[in-house]
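Structure, as structure tokens:
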Amino acid sequence: MKHTDIKPDMPAHLFVGVMDGPSTCTPDEQVYDIWPKFLTIVLLQGAQHFLIDNASFQVDAGFGDRCEPVILMLNVARYAKLRFINESNVPLRKINISAPLPWIEKLAQPGSGEPSPLRSFFSHHLAQFTFRPGKHILTVAEQIMTPPAGLDGELLSLHRHSRALTIMSEACGALTQEAVEQAGPKLMKRRQAERIRDHVLATLDREVTIKEIAEAVGMSVSAAQRAFRDCFGTTVFGFIRDQRMARAALALNEEGATIAQAAFLAGYSDPSHFSSAFKRVYGAPPSTRRK
Numbered sequence: 238m239k240h241t242d243i244k245p246d247m248p249a250h251l252f253v254g255v256m257d258g259p260s261t262c263t264p265d266e267q268v269y270d271i272w273p274k275f276l277t278i279v280l281l282q283g284a285q286h287f288l289i290d291n292a293s294f295q296v297d298a299g300f301g302d303r304c305e306p307v308i309l310m311l312n313v314a315r316y317a318k319l320r321f322i323n324e325s326n327v328p329l330r331k332i333n334i335s336a337p338l339p340w341i342e343k344l345a346q347p348g349s350g351e352p353s354p355l356r357s358f359f360s361h362h363l364a365q366f367t368f369r370p371g372k373h374i375l376t377v378a379e380q381i382m383t384p385p386a387g388l389d390g391e392l393l394s395l396h397r398h399s400r401a402l403t404i405m406s407e408a409c410g411a412l413t414q415e416a417v418e419q420a421g422p423k424l425m426k427r428r429q430a431e432r433i434r435d436h437v438l439a440t441l442d443r444e445v446t447i448k449e450i451a452e453a454v455g456m457s458v459s460a461a462q463r464a465f466r467d468c469f470g471t472t473v474f475g476f477i478r479d480q481r482m483a484r485a486a487l488a489l490n491e492e493g494a495t496i497a498q499a500a501f502l503a504g505y506s507d508p509s510h511f512s513s514a515f516k517r518v519y520g521a522p523p524s525t526r527r528k
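Going by the working numbering, the sequence shown opens with residue 238, and the numbers climb by one from there.
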């Protein structure tokens, strides 16, 4: 297997390639040097298996009546090695859209607010996203595969590029939408846990039950316990205990509270039990914290 280490020149423009008939992109399994790019592969029929920097990528759209077109988005963030694994005899119907890295970087420059899913995608070498395209993308893809008769030269190039941009735009929209949908439940759980925390902090001076806390935030007891543990890594009552102990330590350090007063703040009726618990948490008895 042969290859060279010569870095290929990076184009400054979008590339749109079409395959309709051959079962492979290359007749061999030679290693190719490729430039940094954002790839959008629309596979309408057939299967492909290739390696980039020894990472394996496989897409399969099927054949005939069992065709299920698929789109693979792949970010090649640096110069890399590509090798095709030729293991399918099904004729390929495929559109390959390559956007060079500098072209993409201009579109994905950091802005204000939270990092977008697209900027995150473009920042990772070999980030990938696969999805089944809808009817509109497939219609546009067929317009690239079978352009109107009489188009050639610059007009054919404009025709392909305009539709390739539409596919890229919708593919990026699909990636962003999935990221939002995946983040949605996590964000909701985080907000629920924060509401539990805020209620706990507002009621530290009295005894509360988990049922009361759950009802106050509009959740079931089990859901409240699970959300809080997943987000803060402790139980609700573990958090209450830690907060009360911290408040007691502050009273000892800053306010000159007696051990009995600090024990009351921490929720202990017996100062000796409080002293033992305080030593377990802070490594020293509460008497060493008094002003």
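Don't be surprised by glycine CBs; every beta carbon is placed ideally from N, CA and C.
Is it true that the CB of HIS373 sits closer than 8 Å to the CB of ALA314? no
Determine the burial state of VAL296: buried for a count of at least 16 other Cβ atoms within 10 Å of its Cβ, exposed for fewer. buried
Beta-carbon proximity list for SER406, same chain, < 6 Å, skipping 5 on both sides: none
Do you know how far the Cα of PRO259 is from the Cα of PRO328? 5 Å
Exposed or buried, LYS274, counting other C-beta atoms within 10 Å across all chains shown (16 or more means buried)? buried
Distance, GLN267 Cα to VAL307 Cα: 25 Å
Secondary structure of HIS436, DSSP reduced to three states: helix
Roughly how many whole angstroms lie between the Cα atoms of LEU424 and GLY283? 39 Å
Output the distance between the C-alpha atoms of ALA401 and ARG427, rounded to the nearest integer angstrom. 39 Å
Report the rounded CA-to-CA distance for GLY387 versus ASN291, giving the unit in angstroms. 42 Å
Inspect the beta-carbon positions of LEU502 and ALA488 and report whether they are closer than 8 Å. yes
C-alpha gap between SER349 and ASN333, whole angstroms: Summary for SER349: the model assigns pLDDT 46, below 50, so the residue's position carries little reliability; its value from the coordinates is reported in the next sentence. Answer to the nearest angstrom: the Cα atoms are 32 Å apart.
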